[in-house]
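Asks: Sending over a structure as structure tokens; questions will come in a sec.
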Amino acid sequence: QVQLVESGGGLVQPGGSLRLSCAASGIFNIAAMAWYRQAPGKQRELVARIASSGSTYYADSVKGRFTISRDNAKNTVYLQMNSLKPDDTAVHYCNVQSTTGFVAWGQGTQVTVSS
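Residues 16 to 130 in our numbering are what the sequence shown lists, from first letter to last.
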């Protein structure tokens, strides 16, 4: 049974930081791990992605503020979010893709940036 368990969302003031975690189980030969987000009334968008090689991709809107990392031994991906802005408010989803093309999604964790 494939399961992605996310944690770390919450309410933070502008300029603050949060760290999201996503632990994957039941999925093998993980290739890429990523974080997406969806704000109310908007389409889901890719925030950051990390390949098995460690190479990373960031959306322009988060470059220099967010850092994605992964612990392959724990099948866990992290998203360190600094200098948070109100525009970062969204439900954040973990995404994991295996080498065979299988894709799994987490249940989503709410990030709210507000004073």
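C-beta: ideal position from N, C-alpha, C; glycine also.
1) Thinking just about the alpha-carbon of each residue, which of L35, A47 and G79 is nearest to the one in G116?
2) In chain order, what residues of the same chain have a beta carbon less than 6 angstroms from the beta carbon of G123, not counting five sequence neighbours either side?
3) Can the beta-carbon of T127 be found less than 8 angstroms from the beta-carbon of L35?
4) Let me know if Q16 comes out buried or exposed under the rule of 16 or more other beta-carbons within 10 Å of its beta-carbon.
5) How would you label E21, buried or exposed, when you count the other beta carbons within 10 angstroms and need 16 or more for buried?
6) Consult DSSP for D102 and reduce its assignment to one of helix, strand or coil.
7) Go ahead and label G30 buried or exposed: buried means 16 or more other beta carbons lie within 10 angstroms of its beta carbon, across all protein chains shown.
Replies: Judging by the given coordinates:
1) Minimum Cα distance to G116 is reached at A47.
2) V106 and Y108
3) no
4) exposed
5) Classification of E21: buried, given that the 10 Å Cβ count is 16 or more.
6) helix
7) The C-beta of G30 has fewer than 16 other C-beta atoms within 10 Å across all chains shown, which makes the residue exposed.
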